[in-house]
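Colleague: Submitted below is the structure of interest, expressed as structure tokens.
Residue numbers (the numbering used here): 1 to 368.
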């Protein structure tokens, strides 16, 4: 996230948008005020489009693609149906759209979606498990000019990564990453490739090893986030929940030390310092700005304040039935805003990094 926003700034300034930093400061202030008034800001920084629930992995940490889910996935919006959603996000001032799933590469039109977002002057943040990132799809993703490609890598070894992903994929994933980087460099593309690890009981001991692997691979960034049970319950959650807090303390101390010397590490130090609170099950200690600074839309057009609430099906409207502005001005949206203001439930990476920015801003401007 730290590198991602620095990259946005660089691209905006090099594109001649010299007033963009001032615009962002105004946006931050507008979002801060909207949260206080419990009104829609119409100025989100980041929106997520979960374009499919289908997935080609069987991850222990996620139920996307799980055939045992009690609620059927529903109809996926087509490219033409997603276009008005993207237009609406542009109208309300969204800066970056994250494409995720499920596995978004299972949609053949996902490259058109990325290209359309770019044509509407918004950044594209593309999240994938990387298993389908062959030469053809890599080329199409580069053609679409995605700004960042995030690949989930949940271990520094095949044993832990494949155990968590539910399929044999580690060795093939390394080859896909290396090929993508070669193609990108040969084209002179600006697309950045980041890895993301969800730290849990299975891979806790490999977090620091993944920093070394990321450096060897030559990726642009490596981010970590703590495991969140979300829709997982019972034994499914407990087999991933970290119980050895002393080992977790050692891991996080090691990552914070590496942060000082390893430029590949994407998270801010302030975010990494919050991980132990998550591992201990403590409430999130900061004010949350989800729905004011972020939005999420699923493959059926349902709207959520954030991706964690999408994962737990806490929607407040549908953009296939109403315009985005109508959804945001609805009574359901107002109730969702109030709920989010009191939410202490997650330490999700992109949301927490944004929350840190807003909490720092409030402290700088208001002394609180």
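Glycine included, every Cβ here is placed at the ideal spot set by N, Cα and C. All values reported here derive from a predicted model rather than from experimental measurement.
#1: Looking at C-beta atoms only, is the number of pairs between the region 127-139 and the region 52-61 that lie closer than 8 Å three or more?
#2: Check each candidate in 106, 283, 347, 98 and name the one with the smallest Cα separation from residue 114.
#3: Whole-angstrom Cβ separation of residue 31 and residue 358, contact assumed at under 8 Å?
#4: Spatial neighbours of residue 91 within its chain, please: CB distance less than 7 Å, with the 5 preceding and 5 following residues excluded, ordered by chain position.
#5: Please go through the same chain and pick out, in chain order, the residues whose beta-carbon is closer than 7 Å to the beta-carbon of residue 207, but skip the five residues on each side of it.
#6: Please name the residue or residues paired with residue 48 in a DSSP beta bridge.
#7: Across which residues does DSSP place residue 148 in a beta bridge pair?
#8: Apart from the five residues on each side of it in sequence, which residues of its chain come closer than 6 Å, Cβ to Cβ, to residue 318?
#9: Which whole-angstrom value is the C-beta distance of residue 395 and residue 48, which I expect to be below 8 Å?
#10: Which residues does DSSP pair with residue 226 in a beta bridge?
#11: What's the call for residue 311, buried or exposed, on a 16-neighbour Cβ count within 10 Å?
#12: DSSP three-state call for residue 176: helix, strand or coil?
#13: Please confirm if the region 210-224 is in contact with the region 179-198, defined as three or more CB-CB distances below 8 Å between the two stretches.
#14: How long is the line joining the alpha carbons of residue 283 and residue 144, rounded to whole angstroms?
#15: Can the beta-carbon of residue 305 be found less than 7 Å from the beta-carbon of residue 340?
#16: When you compare the CB positions of residue 110 and residue 147, do they come within less than 7 Å of one another, or not?
#17: How would you label residue 233, buried or exposed, when you count the other beta carbons within 10 angstroms and need 16 or more for buried?
#18: For the putative contact between residue 45 and residue 227, defined by C-beta atoms under 8 Å, what is the C-beta separation to the nearest angstrom?
#19: Following the continuous beta strand (DSSP E) through residue 289, name the residue where it begins and the one where it ends.
#20: Going by C-alpha to C-alpha distance, which of 309, 157, 286 sits closest to residue 295?
#21: From residue 154 to residue 183, what does the alpha carbon distance come to, in whole angstroms?
Modeller: Walking through what the data contain:
#1: yes
#2: 98
#3: 7 Å
#4: none
#5: 197, 199, 224, 251, 255
#6: 98, 296
#7: 125, 192
#8: 301, 302
#9: No answer is possible for residue 395: the residues shown for the chain start at 1 and end at 368.
#10: 199
#11: buried
#12: helix
#13: yes
#14: 40 Å
#15: yes
#16: no
#17: exposed
#18: The pair is not a contact, with the Cβ atoms about 25 Å apart (cut-off 8 Å).
#19: Residue 289 -> no beta strand (DSSP E), and no H or E assigned at all.
#20: 309
#21: 24 Å
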